[in-house]
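Report on the structure given below.
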Amino acid sequence: QVQFVESGGGLVQPGGSLRLSCAASRIGVSIYAMGWYRQAPGKQRELVAFITSAGYTNYPESVKGRFTISRDNAKNTAYLQMNSLKAEDTAVYYCNRYSSGWRTYVDWGQGTRVIVSS
Numbered sequence: 212q213v214q215f216v217e218s219g220g221g222l223v224q225p226g227g228s229l230r231l232s233c234a235a236s237r238i239g240v241s242i243y244a245m246g247w248y249r250q251a252p253g254k255q256r257e258l259v260a261f262i263t264s265a266g267y268t269n270y271p272e273s274v275k276g277r278f279t280i281s282r283d284n285a286k287n288t289a290y291l292q293m294n295s296l297k298a299e300d301t302a303v304y305y306c307n308r309y310s311s312g313w314r315t316y317v318d319w320g321q322g323t324r325v326i327v328s329s
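Residue 270 in the numbering used here sits at position 59 of the sequence shown; the count goes up by one each step and never skips.
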């Protein structure tokens with residue numbers, strides 16, 4: 212069974228930065244496209260970044276220029292560097308594979324909570 216363990220969340224002031232980590236088991240982050248997702252209270256889970264096996268990255272307008280997804284193949288870990296954080300970035304952040312069918316995935320980790328507040 213594929214497993215993802217997210218870490219690195221916490222409380223940060225607006226304008227601050229955090230780096231999230233995602234340790235993957237039973238799946239190679241270098242082989243699959245990987246994504247970072249978030250779910251804010253009362254909202255649906257949304258995609259915030261993905262990286263393909265070839266290294267192509269993509270972001271929605273809401274985080275473009277502020278978030279950067281990367282991976283360390285040797286550590287089988289994906290990362291999300293988040294800069295210039297805003298209150299609206301407050302959410303639980305998850306990682307998983309990425310595909311057009313990501314909304315059907317059932318193998319989610321516990322996520323890591325990010326709270327942006329002064």
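By construction, the Cβ of each residue, glycine as well, lies at the ideal position given by its N, Cα and C atoms.
>> Give me, in chain order, the residues of the same chain whose beta-carbon lies closer than 7 Å to that of methionine 245; leave out the 5 immediate sequence neighbours on both sides.
In response: The residues are Phe261, Ile262, Arg282, Ala289, Cys306, Arg308, Tyr309.
> Taking just the CA atoms, how far does glutamine 212 sit from serine 228?
Replying inline: So the alpha carbons of these two residues sit roughly 32 Å apart.
> Where does serine 301 sit, in a helix, a strand or coil, going by DSSP?
Replying inline: Reading off the sequence shown, one finds threonine at residue 301, where the question assumed serine. In the structure shown, threonine 301 falls within a coil segment according to DSSP collapsed to helix, strand and coil.
> Helix, strand or coil: how does DSSP classify tryptophan 247 here?
Replying inline: In the structure shown, tryptophan 247 sits in a strand (DSSP, three-state: E or B).
>> So, for arginine 277: in the same chain, excluding its five sequence neighbours on each side, which residues have a beta-carbon less than 7 Å away from its beta-carbon?
In response: Contacts found: Met293, Asn294, Ser295.
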